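Peer 1: Let me give you the structure first, and then I'll get to my questions.
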Amino acid sequence: MKLRFIIAIALSFLALKSQGQLKVNLDTTNRHYIGIKGSGQFWLRHTELNPGSVVNGSEQSSVTDVSIRRLRLKLYGQLTDQLGFVFQVGQNNLNTNSKENVLKILDAYAFYQIRPWLNVGAGKSAWVGLSRYAAPGTSSLVSSDIFFSALPVINVYDDMMRRPSVFSYGQIGNWDYRLAVAKPYLETKTVAPMDDVATFAYAYSPYQTSWYVKYQFLDKEKQSSSFAPQFYMGRKNILNVGIGQLYQPKAMWYLSEGDTTFHSIQMKGIDVFGQLELNAKMDIIFYGSYLNSNLGKNFVRNVGANNAANGAVTESLSFNGKGNSYPAAGTGNIWMSQLAMNIHLGNDRMIQPGISHYYADYDGLNDGVNNYDFAINYFPNDLHSKISLGFQNRPIFENREGKITAIDRKNLFILQYQFKF
Numbered sequence: 010m011k012l013r014f015i016i017a018i019a020l021s022f023l024a025l026k027s028q029g030q031l032k033v034n035l036d037t038t039n040r041h042y043i044g045i046k047g048s049g050q051f052w053l054r055h056t057e058l059n060p061g062s063v064v065n066g067s068e069q070s071s072v073t074d075v076s077i078r079r080l081r082l083k084l085y086g087q088l089t090d091q092l093g094f095v096f097q098v099g100q101n102n103l104n105t106n107s108k109e110n111v112l113k114i115l116d117a118y119a120f121y122q123i124r125p126w127l128n129v130g131a132g133k134s135a136w137v138g139l140s141r142y143a144a145p146g147t148s149s150l151v152s153s154d155i156f157f158s159a160l161p162v163i164n165v166y167d168d169m170m171r172r173p174s175v176f177s178y179g180q181i182g183n184w185d186y187r188l189a190v191a192k193p194y195l196e197t198k199t200v201a202p203m204d205d206v207a208t209f210a211y212a213y214s215p216y217q218t219s220w221y222v223k224y225q226f227l228d229k230e231k232q233s234s235s236f237a238p239q240f241y242m243g244r245k246n247i248l249n250v251g252i253g254q255l256y257q258p259k260a261m262w263y264l265s266e267g268d269t270t271f272h273s274i275q276m277k278g279i280d281v282f283g284q285l286e287l288n289a290k291m292d293i294i295f296y297g298s299y300l301n302s303n304l305g306k307n308f309v310r311n312v313g314a315n316n317a318a319n320g321a322v323t324e325s326l327s328f329n330g331k332g333n334s335y336p337a338a339g340t341g342n343i344w345m346s347q348l349a350m351n352i353h354l355g356n357d358r359m360i361q362p363g364i365s366h367y368y369a370d371y372d373g374l375n376d377g378v379n380n381y382d383f384a385i386n387y388f389p390n391d392l393h394s395k396i397s398l399g400f401q402n403r404p405i406f407e408n409r410e411g412k413i414t415a416i417d418r419k420n421l422f423i424l425q426y427q428f429k430f
């Protein structure tokens, strides 16, 4: 009986594929279903590397490579009027440094609707608070990549944004909310506390809490996913303002007069998001946010996504670290902004130019961090395909006699193809 059921679902998926969807209804109400979604992002990239970067044993100033930035396959379903589930596998950064990489379980959670305005769930998920882009929808990016400053503990206390948690979400009138209590993953890299500079603590952190509330002035967004899109392909009139918070006790440590001092992660944010119709063929998309980030004394974290370098010459290494790393998180004040245009060409085709800017004033740096991301995206077939040309420009910092200052800038060029079904 089970085998027949599986075969029937498989044949139904094949039949529905020709209709542009991969979803099977479980009854005649059309409210109960099982579906499959997937996406992939492939990069052809030229990176100007940070000083001291090493690729396969030799110091290099730049590198050109091909990689898979993200790969996803999701099984999801609404089994009853109240009960649903999400199970997703995938991987990031499949490049020449990741020969042994395999797909991993990303999301595995179930949710239950108690009331139309009250949903609860549990499992491994990206339901998290703080800001809209604390869980960004990576298959609907305006820029070539995400704002890492909104994810300061990514791959330390979480696993590619996800963490074991219980969570709740819903909408009451024009209000939209989410809150989560998570169990942080254990930090496995043993780093001894340093004098007056906070690092992630190699210690037990009991819990992590977060929440995010937004008010929707115009069209309401759906809560069909934990991830927030950076834009919508269809015509929308959206204007939202949100606030949020992230808190985790005993997450950081540093030495103060020889004694180990623990510090909590405390982040607060406010943001605004909009997508508005300008005329029959054009939409404007904008985003702005401010984060007050407190992760301990002088904390700064460098992030190099999909890093092409696999080593460094210590003597000539910049403060940024190897490859394309830059100061993406830290203690201080952070501003993020984004502006884009949807230019509809008809027949599900669209061109989308966009620019993203990130500025941070970190306590541990003597200069501010200005990071730019320009992209132009072409959609030949709705969201099913995207061809992007991206350009990133980042600062290079150097520690000179205890003062960490910006001394140079480097570029990164990306030609991307994305599929989505």
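So for the sequence shown, our numbering puts the first residue at 10; every next one is plus one.
For each residue, glycine too, the CB sits at the ideal point set by N, CA and C.
As the structure is a prediction and not an experimental result, all values here were calculated from the model.
Closer than 7 Å by C-beta to W126: which residues in its own chain qualify, once you throw out the five before and the five after it? Chain order, please.
Peer 2: Answer for W126: G179, Q180, I181, listed in chain order.
Peer 1: Would you report the Cα separation of K11 and S334, rounded to the nearest angstrom?
Peer 2: In this prediction, K11 scores a pLDDT of 49, lower than 50, which makes its location untrustworthy; the coordinate-derived value is nonetheless stated afterwards. About 50 Å.
Peer 1: Please say whether L82 and G132 have beta carbons closer to each other than 8 Å?
Peer 2: Taking 8 Å as the Cβ cut-off, G132 and L82 do not qualify as a contacting pair.
Peer 1: Could you tell me the distance, in whole angstroms, from the CA atom of G61 to the CA atom of S70?
Peer 2: In a straight line, the C-alpha of G61 is about 8 Å away from that of S70.
Peer 1: Take S174 as the anchor and find which of K192, D372, A349, N351 has the nearest alpha-carbon.
Peer 2: It is K192.
Peer 1: Quick one: measure Cβ to Cβ for K278 and S140, integer angstroms, because I've assumed they're closer than 8 Å.
Peer 2: For the sequence presented, residue 278 should be read as Gly rather than Lys. About 4 Å; that satisfies the 8 Å criterion.
Peer 1: Under 8 Å, do N59 and G320 count as touching if we go by C-beta distance?
Peer 2: The answer is no: Cβ separation not under 8 Å.
Peer 1: With DSSP run on the structure shown, which of helix, strand or coil describes T37?
Peer 2: T37 falls in the coil class under three-state DSSP.
Peer 1: Taking only the alpha-carbon atoms, compute the straight-line gap between S177 and I123 and give it to the nearest angstrom.
Peer 2: One C-alpha to the other measures close to 10 Å.
Peer 1: With distances taken between CB atoms, is the gap from Q50 to Q425 smaller than 8 Å?
Peer 2: Yes, they are a contact pair.
Peer 1: N319 lies in the beta strand (DSSP E); which residues open and close that run?
Peer 2: First-last for N319: undefined, no H or E at that position.
Peer 1: Quick check: the Cα distance between N128 and E266, rounded to an integer number of angstroms?
Peer 2: Approximately 48 Å, taken between the alpha carbons.
Peer 1: Let me know if R403 comes out buried or exposed under the rule of 16 or more other beta-carbons within 10 Å of its beta-carbon.
Peer 2: The residue is buried, with at least 16 neighbouring Cβ atoms inside 10 Å.
Peer 1: Tell me which residues share the same chain as R172 and place their Cβ nearer than 6 Å to its Cβ, disregarding the 5 neighbours each side in the sequence.
Peer 2: Contacts found: A191.
Peer 1: Output the distance between the C-alpha atoms of K412 and N375, rounded to the nearest integer angstrom.
Peer 2: Their backbone Cα atoms lie some 6 Å apart in a straight line.
Peer 1: For R244, does the three-state DSSP call read helix, strand or coil?
Peer 2: The answer is coil: DSSP assigns R244 none of H, G, I, E or B.
Peer 1: Could you tell me the distance, in whole angstroms, from the CA atom of Q401 to the CA atom of G373?
Peer 2: Distance between the alpha carbons of Q401 and G373: 23 Å.
Peer 1: Distance, Cα to Cα, N104 vs Q284?
Peer 2: Distance between the alpha carbons of N104 and Q284 is about 34 Å.
Peer 1: Is it buried or exposed, V75, if we count other Cβ atoms within 10 angstroms and call 16 or more buried?
Peer 2: It is exposed - the Cβ of V75 has fewer than 16 other Cβ atoms within 10 Å.
Peer 1: Would you kindly work out how many angstroms separate the C-alpha atoms of N301 and D280, rounded to a whole number?
Peer 2: Going from the Cα of N301 to the Cα of D280 covers about 12 Å.
Peer 1: Can you give me the Cβ contacts of R418 inside the same chain, cut-off strictly under 8 Å, excluding the 5 residues immediately before and after it?
Peer 2: Cβ within range, chain order: N402, R403, P404, I405.
Peer 1: Skipping 5 residues on each side, what residues in its chain have a beta carbon closer than 6 Å to that of I155?
Peer 2: Here the set comprises P145.
Peer 1: Span of the beta strand (DSSP E) holding F422?
Peer 2: Counting along the chain, the beta strand (DSSP E) containing F422 begins and ends at 412–429.
Peer 1: With a Cβ-Cβ cutoff of 8 Å, do V151 and G297 count as a contact?
Peer 2: Not closer than 8 Å, so no.
Peer 1: Give the range of the beta strand (DSSP E) segment to which N303 is assigned.
Peer 2: 291–303 is the span of the beta strand (DSSP E), which, as asked, contains N303.
Peer 1: With 8 Å as the threshold, decide whether the Cβ of H55 is near any Cβ in chain B.
Peer 2: Among the chains of the structure shown, chain B does not appear; only one protein chain is present.
Peer 1: If you run the structure through DSSP and keep just helix, strand and coil, what is I163?
Peer 2: Coil at I163, not helix or strand.
Peer 1: Buried or exposed: where does M291 fall if 16 or more other Cβ atoms within 10 Å of its Cβ makes it buried?
Peer 2: Exposed.
Peer 1: Kindly indicate which three-state DSSP category T197 falls into: helix, strand or coil?
Peer 2: In this structure, T197 counts as coil in the three-state DSSP scheme.
Peer 1: Which runs of the beta strand (DSSP E) fall wholly inside the stretch 308–379 and span at least 3 residues, in chain order?
Peer 2: As far as the stretch 308–379 is concerned, its whole beta strand (DSSP E) runs of at least 3 residues are 309–312, 335–339, 341–355, 358–371.
Peer 1: CB-CB under 6 Å to L326, same chain, minus the five flanking residues each way: which ones, in chain order?
Peer 2: Once the five neighbours on either side are set aside, the close Cβ partners of L326 are G61.
Peer 1: Alpha carbon to alpha carbon, how far is W220 from R79?
Peer 2: In a straight line, the C-alpha of W220 is about 27 Å away from that of R79.
Peer 1: Should G93 go down as buried or exposed, given a rule of 16 or more other Cβ atoms within 10 Å for buried?
Peer 2: With 16 or more other Cβ atoms within 10 Å, it is buried.
Peer 1: I need the DSSP call for Y381, collapsed to helix, strand or coil.
Peer 2: Of the three classes helix, strand and coil, the one that applies to Y381 here is strand, per DSSP.
Peer 1: With a CB to CB cut of under 6 Å and the five nearest residues on each side skipped, what residues in its chain are close to G52?
Peer 2: Residue identity check: residue 52 is Trp in the sequence provided, not Gly. If we look at W52 and ignore the five residues flanking it on each side, its Cβ neighbours are S76, R78, I423, Q425.
Peer 1: Rounded to whole angstroms, what is the Cα-Cα separation between F430 and V206?
Peer 2: Going by the C-alpha atoms only, they are around 45 Å apart.
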